[in-house]
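> Per the working numbering, numbering of the sequence shown is gapless, rising by one per residue and ending at 236. Backbone N, C-alpha and C fix where the C-beta goes; we use that ideal spot for every residue, glycine too.
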Amino acid sequence: MQKSVLIVEDEPLIADDLSFHLNDLGIQDVKVSLSYDQAQQQLRTSNFDLVLLDINLSGDKDGIDLAHFINQQRPAPFVFVTSYYDAATLGRAKETDPYGYIVKPFDKQEVYVNVEMAFHKIDLKNRTPERFFIREKEGIIPIEPADIQYVEAFDNYAKVFTSDQFHIISHTLKSIENKLLPFGFERIHKSYLINFSRLTRISEGHVYFGEKALPIGRAFKTAFMSKLSML
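1. Contact between the region 79-92 and the region 50-64 is defined here as three or more beta-carbon pairs at a separation below 8 Å; is this criterion met?
2. Which of helix, strand or coil does DSSP assign to G144?
3. Quick one, which of H73, G31, T87, F190 has its alpha-carbon nearest K8's?
4. In the DSSP assignment, find the unbroken alpha helix (DSSP H) run with A98 in it and report its ends.
5. To the nearest angstrom, how far is the alpha carbon of A123 from that of F229?
6. How many Å lie between P103 and V118 at the Cα?
7. Decide if the region 30-48 is in contact with the region 85-100; the criterion is three or more beta carbon pairs, one per stretch, under 8 Å apart.
8. Pull up the CB-CB distance for I153 and T167, whole angstroms please, since I reckon it's below 8 Å.
9. State yes or no: is the C-beta of E256 within less than 8 Å of the C-beta of D65?
10. I'd like to know whether the C-beta atoms of I199 and F190 end up nearer to each other than 8 Å.
11. Looking only at its own chain, which residues have a Cβ that is under 6 Å from the Cβ of S202, when we skip the five neighbours before and after it?
12. Check each candidate in K109, E141, G105 and name the one with the smallest Cα separation from H125.
13. From the DSSP output, which residues share a beta bridge with Y162?
14. Residues in its own chain within less than 6 Å of P150 by CB, not counting five upstream and five downstream?
15. In whole angstroms, what separates the C-alpha of Y197 from that of N131?
16. Less than 6 Å between C-beta atoms, sequence neighbours within five positions excluded: which residues of the same chain meet that for I207?
17. Spatial neighbours of G222 within its chain, please: C-beta separation below 7 Å, excluding the five flanking residues on both sides.
18. So what does E191 bridge to, in DSSP terms?
19. Is Y104 helix, strand or coil when you go by DSSP?
20. Any idea what DSSP makes of F214, helix, strand or coil?
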């Protein structure tokens with residue numbers, strides 16, 4: 006199916022350059038907006054598979070403001086196009102959950118990699134099931150990822166814990182990890198995979214689900230702690 010892409014860029018030469026690279030990649034349905042207001046109007050009236058969004062738009066509102074509009078009003082995947090690296094701008098940009106960054110000055114390869122990776126993430130998201138199924142004695146039962154607190158390795162099996170019960174499944178923790186990572190799960194130990202949104206507190210060496218404490222492995226601690234957003 007033909008992909009449609011909107012380029013939001015206030016410099017016509019750069020917009021033309023991006024459009025040329027997209028055409029070269031086989032994407033022919035490309036629209037261009039040269040301002041925040043023009044882009045907002047196009048987003049209100051048309052659907053796009055991907056938006057290439059310049060951060061530094063002229064005017065009172067920039068590309069990050071437009072990204073918030075997209076997320077709230079017209080959900081569509083977007084990739085930022087930027088020459089800015091300052092911490093404040095990147096901090097604001099990350100809050101909008103972009104699918105990638107194209108850094109100016111760019112070449113065909115950088116555009117290709119970011120666009121292909123964005124479409125790959127979109128395809129994975131569209132294929133990701135909203136629920137899983139577990140085989141039990143009474144039959145096959147559904148389980149929502151949000152109901153899972155953590156998964157524990159158990160020989161060549163795994164125990165899947167919810168708030169009030171657990172299920173033993175015939176898969177390794179590693180194979181389950183690949184399925185659950187898109188739902189906000191994190192590996193904290195060679196034997197534990199946790200649902201980040203369900204933990205109730207963190208101590209120096211443990212995470213907690215109510216009174217249940219799970220150890221944070223030494224090899225996983227730095228990566229895990231770096232993902233915490235501290236106020």
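By the coordinates alone:
1. yes
2. strand
3. G31
4. 92-99
5. 25 Å
6. 15 Å
7. no
8. 6 Å
9. Only positions 6 to 236 of the chain appear in the structure, and residue 256 is not among them; the question remains open.
10. yes
11. G189
12. G105
13. F159
14. F188
15. 27 Å
16. none
17. I193, H194, K195
18. I199
19. coil
20. strand
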